[in-house]
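Enquirer: Quick one: the structure is below, questions incoming.
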Amino acid sequence: MCLREMEAVFLRFDSFDFEADRRFQDGLKDLKKSKNSSEEKLHELKLFFYNRFVEPIDRHSYTHWSCASPRGTARDCDTTDTRTEPSADTQQKQLSFAEVMRLVQDGQEVPGGAKLEVKPTNQNPTESQMERRLKPWETCGS
């Protein structure tokens, strides 16, 4: 998408009437019920809603655009992006299915997998409390 098209999307987002949209207002009720509602959360909710129901919009690009535009508010520019990009040291390589399968077959630990402590109970299974249903051919002969 070229810069002019992205700017048009951002302008349409800024002029979108969230107050008149019933679906947005229904979702907003849940945010108002929570104790940690803030302007930033409201802005994130608006971006999510617009992206999901109106047209695609990139949150990161919109934030940069709104800071650079002359009509950008202090709220747009002061918020720091809480997402951190993983560094090359901590970023793990995405394993393919075949690589994971090989690790499992070799008995090696799969990186990022949860280590479960599974222990047998060594108890007899409980007996069924319900009566077995008869099959259709078993009921015909009775």
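Residue numbers (our numbering): 12 to 153. In this text, a Cβ means the ideal position worked out from N, Cα and C, and glycines have one as well.
1. Can you give me the C-alpha to C-alpha distance between E142 and P136, rounded to a whole angstrom?
2. Under the three-state reduction of DSSP, which class applies to T101: helix, strand or coil?
3. Can you give me the C-alpha to C-alpha distance between Q36 and E18, rounded to a whole angstrom?
4. For the alpha helix (DSSP H) containing L10, name the first residue and the last one.
5. Cα-Cα, which of F29, S80, P147, C78 is closest to L56?
6. Starting from F29, follow the alpha helix (DSSP H) in both directions and report where the run begins and ends.
Expert: Short version:
1. Roughly 17 angstroms separates the two Cα atoms.
2. Note on T101: pLDDT 46, under 50, position unreliable in the model; the coordinate value appears next. If DSSP states are grouped into helix, strand and coil, T101 belongs with coil.
3. Each residue's CA atom was taken as its position, placing Q36 and E18 some 26 angstroms apart.
4. Outside the displayed range of the chain (12 to 153) lies residue 10, so it cannot be described from this structure.
5. The alpha carbon of L56 has as its nearest neighbour, out of F29, S80, P147, C78, the alpha carbon of F29.
6. Looking at the DSSP string, F29 is not in any alpha helix (DSSP H), and its letter there is neither H nor E.
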